[in-house]
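Add 6 to a position in the sequence shown, counting from 1, and you land on the number used in this note's numbering. Read through the structure below, which is laid out as structure tokens, and then see the notes.
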Amino acid sequence: MSDQTVLVLCGSLRAGSFNRMLCNSLPDLAPAGMRFTTAPDIGSIPLYDADLQQASGFPEAVSALGDAVRAADAVMIVTPEYNYSVPGVLKNAIDWVSRLPDQPFAGKPVALQSAAIGMLGGARCQYHLRQIMVFLDAIVFTKPEVFVSFAKSKVDEEAGVVSDGPTRDAIAAQLKAFQPFVDRFVAR
Ligand SMILES: Cc1cc2nc3c(=O)[nH]c(=O)nc-3n(C[C@H](O)[C@H](O)[C@H](O)COP(=O)(O)O)c2cc1C
């Protein structure tokens with residue numbers, strides 16, 4: 007199995023984010039040969055405005071994110087669900103990146119995970135995100151899916167990681183299946 011770099015993009019800016027804890031847990035649960043890099047900060051990206059783009063070009067944070075997506079073999083988006091959909095901060099970052107020349111998500115294997123305090127674990131957000139990624143010509147991984155429901159009860163908040171056994175097993179199973187999927191689509 008070849009070495010892979012997976013860029014992790016978190017949809018929450020919150021310091022005590024359960025989704026960030028999910029991100030933190032990935033290296034420990036990944037198969038050999040899969041390593042992770044953290045996406046540049048998306049909180050500093052201004053709201054998308056075509057006039058701003060025309061006047062000043064792409065903000066540095068957008069170019070940095072686009073470069074990071076291009077440099078990675080694959081992307082893992084880990085996000086909460088806001089009002090049954092994609093958090094504005096994440097959608098805004100994706101909207102900016104989607105306007106970059108040589109659009110970075112095209113042909114990129116992308117996997118999705120979500121954590122929420124509710125019983126669906128962010129499922130509705132994932133299906134909206136999947137639809138967005140289809141438009142961007144990303145190659146979206148299907149299953150196994152990872153929805154961390156009732157997230158507060160599945161984490162060790164002090165350690166900042168997912169601690170629930172079955173949830174850790176589900177994450178590991180997804181990463182194990184994602185590895186050959188990425189291998190299939192990454193040109194080497
Ligand atoms: C604006 C907003 C909208 C939310 N909408 C949903 C929702 O639609 N579904 C859901 O399960 N949880 C929803 N939540 C609760 C989140 O699951 C909860 O805040 C979670 O902790 C966010 O993820 P984080 O801990 O990674 O920041 C919402 C929270 C906020 C702040």
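The C-beta atom is built at its ideal place from N, Cα and C for all residues, glycine as well.
With a threshold of 8 Å, are at least 3 pairs of Cβ atoms found where one atom belongs to the region 98–110 and the other to the region 57–70?
yes
In this structure, what does DSSP give as the bridge partners for F184?
Taking the first residue of the sequence shown as position 1, residue 184 is located at position 178. Answer is none; F184 lacks a bridge partner.
What is the residue span of the alpha helix (DSSP H) that M125 lies within?
Counting from 1 along the sequence shown, the entry for residue 125 is found at position 119. Premise fails: M125 is in no alpha helix (DSSP H) and is neither H nor E.
For F187 and G39, the rounded distance between their alpha carbons:
As a first step, residue 39 must be located in the sequence shown, where it is residue number 33. As a first step, residue 187 must be located in the sequence shown, where it is residue number 181. Straight-line Cα distance between these residues: approximately 14 Å.
For M40: DSSP bridge partner residues
Residue mapping note: residue 40 aligns to position 34 of the sequence shown, counting from 1. Q10.
Can you name the residues that DSSP bridges to P115?
Stepping through the sequence shown from its first residue, residue 115 is reached at position 109. Paired residue(s): I145.
Among C16, P93, F153, the one whose alpha carbon lies nearest that of V81:
Numbered from 1 along the sequence shown, position 75 holds the residue referred to as residue 81. That would be C16, whose Cα lies nearest to the Cα of V81.
Nearest by alpha-carbon distance to L32: which of V167, K149, L58, A122 is it?
The residue given as residue 32 occupies position 26 in the sequence shown. Taking only the C-alpha atoms, the option nearest L32 is V167.
Looking at the unbroken beta strand (DSSP E) that takes in F153, where does it start and where does it end?
Start at 1 with the first residue of the sequence shown, and residue 153 comes out as number 147. 152–154 is the extent of the beta strand (DSSP E) around F153.
At the level of alpha carbons, what is the spacing between D9 and D189?
Your numbering for residue 9 matches position 3 in the sequence shown. Your numbering for residue 189 matches position 183 in the sequence shown. Their Cα atoms are separated by approximately 9 Å.
Flag N30 as yes when its Cβ comes closer than 8 Å to any non-hydrogen atom of ligand 1, and as no otherwise.
Indexing the sequence shown from 1 puts residue 30 at position 24. The answer is no for N30.
So, for D162: in the same chain, excluding its five sequence neighbours on each side, which residues have a beta-carbon less than 7 Å away from its beta-carbon?
Mapped onto the sequence shown, residue 162 falls at position 156. Hits under 7 Å: S169.
Grouping DSSP H, G and I as helix and E and B as strand, with all else coil, what is A56?
In the sequence shown, residue 56 corresponds to position 50, counting from 1. Note: A56 maps to helix in three-state DSSP.
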